[in-house]
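Peer 1: Note that the sequence shown covers residues -21 to -1, 1 to 473 in mature numbering (1 follows the signal peptide of the UniProt record, and there is no 0).
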Amino acid sequence: MLVTLWVFLVVHMYLPNDIFGSGNPEISIAPARDAVLATWTDAEARSGPEPRRRVVPAKRSIARSEPVSLLRKVQGSTRIALDIEPQSETYLNAKILYSYTPDANQPDDSFNNTAPLVLNVLHKTANHSWEWGTEAQVLLEMKYPDLSVYSTRRKLPLTADEGPIEPPQLMLDLIDPILARRDPSKLSLVDGDGAAGDPASLGVAVLVATVATSNDTVRSERYRKLAEGQLQWVLNQVPRSPEGAISMRENEVQFWADFIYMLPPFLAYYGAATSNITLLQCAYDQVRLYRQKLQTSSETKLWSHIIEGKKEDRLIWSTGNGWAAAGMMRVYATFANLRDVELYAQTESWRKDLAEWVLEIANAAFNHQQMDTKLIPNYMLTDDPKRDYPECSGTALIASAAYRLASLEPSTVPRLPLSTIAKSRIAIFSKYTNSTTGAVGPVVDPFDWNAEKAFTGATPEAGDVSPEGQAFVLLLYAAWNAYTNSSQSSANYT
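#1: Taking three-plus beta-carbon pairs below 8 Å as touching, is the region 143 to 153 in contact with the region 161 to 173?
#2: Roughly how many angstroms separate the alpha carbons of P178 and L149, rounded to a whole number?
#3: Using three-state DSSP, classify L50 as helix, strand or coil.
#4: Can you give me the Cβ contacts of V232 inside the same chain, cut-off strictly under 8 Å, excluding the 5 residues immediately before and after it?
#5: Specify the secondary structure class of A457 as computed by DSSP and reduced to three states.
#6: Using alpha carbons as the reference points, say which of T391, E388, S379, A418 lies closest to A401.
#7: For the alpha helix (DSSP H) containing T104, list its first residue and its last residue.
#8: Name the residue from S277, L246, K272 whose alpha carbon lies nearest to the alpha carbon of A262.
#9: Would A184 be called buried (16 or more neighbouring beta carbons within 10 Å of its own) or exposed?
#10: Within 10 angstroms of the Cβ of E447, are there 16 or more other Cβ atoms? Answer buried if so, exposed if not.
#11: Start and end of the alpha helix (DSSP H) containing V423?
#12: In the structure shown, what three-state DSSP assignment does Q274 receive?
#13: Using 8 Å for Cβ pairs, my map puts Y368 next to P425. What's the rounded Cβ distance?
#14: With a Cβ-Cβ cutoff of 7 Å, do M350 and I295 count as a contact?
#15: Would you call the region 403 to 414 and the region 323 to 331 in contact, with 3 or more CB pairs under 8 Å?
#16: Can you tell me where the alpha helix (DSSP H) with V337 in it begins and where it stops?
#17: Spatial neighbours of T391 within its chain, please: C-beta separation below 7 Å, excluding the five flanking residues on both sides.
#18: So T374 and I407 are in contact, right, with Cβ under 8 Å, and what is the actual spacing, rounded?
#19: Once you ignore the five residues that flank T412 on each side, which residues in its own chain have a CB closer than 7 Å to its CB?
#20: Output needed for F238: all residues of its chain with C-beta closer than 7 Å, excluding positions within five of it in sequence on either side, in chain order.
#21: For the putative contact between Y382 and W282, defined by C-beta atoms under 8 Å, what is the C-beta separation to the nearest angstrom?
#22: Could you tell me the alpha carbon to alpha carbon distance between P163 and K410, rounded to whole angstroms?
#23: What does the alpha-carbon distance come out to for the pair N464 and V190?
#24: V217 by DSSP, collapsed to three states: which one?
#25: Please classify V423 as buried or exposed, where buried requires at least 16 neighbouring CB atoms within 10 angstroms.
#26: Can you round the beta-carbon distance between R330 and A315 to whole angstroms, since I take them to be within the 8 Å contact cut?
#27: Is it true that the CB of W336 sits closer than 7 Å to the CB of I285?
#28: Any idea if L259 is buried or exposed, counting beta-carbon neighbours within 10 angstroms, 16 or more meaning buried?
#29: Look at residue 483 and L101 and say whether their C-beta atoms are less than 7 Å apart.
#30: If you reduce the DSSP assignment to three classes, tell me which class Q175 lands in.
#31: Flag this pair as yes or no: are the beta carbons of M121 and A457 separated by less than 7 Å?
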């Protein structure tokens, strides 16, 4: 059975203005029957003594007979999205779908030095189940991307087929002390402070640890049993709605947008790890049911924060929409990386839905970007000045989901507001993250989303920063790097 493989070729071109003018270079796409797949004009330095060496226009091309694995060293920033038959070794039957130029990079790579500081602040201030779970995800995406669901090299379930699996030591160092303190009489991985969904945020990390420590049978089995207990708890002991939606809370049925980042990715990953279509469908169904409850209307496309139960928050919280979009992308990526061809095919319609639902949030949310700050407000669709202040947490997380979608499903690129998102990204990296301390601000108080003022990030200490806000900026950083590196590709022109 043939399946479509999307490949990004990043073709870099340098066109001096004094020779070619200031216009963008054009890529010529050849008909399917031609031996040359694409051509473009580049600049080529001809031989000759310095400083009189001539730079002249030269034609570049991709031949259909070229090996897919060939990497060319040319400069530039134009991307070509290709459709290639699986296992194809050349571009013989490739089809160019379209080409485009991504939004501008940061002026420099200074955030590469700031990111470790942001991570240090996150690690120092994280103290609750969902914060630990999000930190574990940050470590997977930043430090061990090949073990994350966004890997472009490894499929799920993880095996040594794509090479030895090195233990993700930083992630293990994070989760081991947390798991050692858990109440052994409970099935959940950790105490969720009344939240049924939050403990599952650590579930993917525990499942990765199960495979990564397989050379230590006792340790690996302990992780496996802990993950199994977490699964049994959410499936069999947590309240459900009449439609089958698993509650975010332990003692009542309540729907939180945050839930989408906590439980569905764990269910999807467990299903992928065990090749279990029932769990894969359960992950999708939970997203579908929550969207039906929380999406405010077909016009706004945005999600309410909390519906039903005590302490409802029916307003549109940007961070809640970020939790939802980023969680859906993790489920999408899990489905997209399934090793089993039949399971992959069975999730096709679910992937399409998830991509559309992420698009809904990304487009709707960035319609509310504030022109002066380049941030999305804490609450959208409200004129209350105590609620609509700009903040980084929701902005960064929604942006991260958009970049992940652009990387994994390039057909969505023309439908994403990437130029608008770029303004937020650059502002967060260069203006709202302290390059000396790593503190991010302004960010909403994660324990009081109705707080009238944001945390400022004045110091890298609790009370001035949000652990989840720190994490979201790092998730954005990882997603942006994946997008610019075109890591979905098996052939990058860099």
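All residues carry an ideal CB built from backbone N, CA and C; glycine is no exception.
In this text the structure is predicted, and so the values were computed from the model without any measurement.
Peer 2: Taking the definition as stated:
#1: no
#2: 20 Å
#3: In this predicted model, L50 has a pLDDT of only 39, less than 50, meaning its place in the structure is not dependable; the value taken from the coordinates is given anyway. L50 falls in the coil class under three-state DSSP.
#4: Answer for V232: P218, R219, S220, A224, S226, E287, G288, listed in chain order.
#5: helix
#6: S379
#7: 90 to 104
#8: L246
#9: By the neighbour-count criterion, in which a residue is buried when 16 or more other Cβ atoms sit within 10 angstroms of its Cβ, A184 is buried.
#10: buried
#11: No alpha helix (DSSP H) holds V423; DSSP gives it neither H nor E.
#12: strand
#13: Not a contact, Cβ separation roughly 15 Å.
#14: no
#15: no
#16: V337 -> alpha helix (DSSP H) spans 327 to 345.
#17: A334, L338, L384, A385
#18: 7 Å
#19: T93, V97, V419, V452
#20: G176, M227, Y269
#21: Incorrect: roughly 20 Å between the Cβ atoms, too far for contact.
#22: 45 Å
#23: 27 Å
#24: coil
#25: buried
#26: 6 Å
#27: no
#28: buried
#29: Nothing about residue 483 can be reported from this structure: the residues present for the chain run from -21 to 473 only.
#30: What sits at residue 175 in the sequence shown is Ala, not Gln. It is coil, neither helix nor strand.
#31: yes
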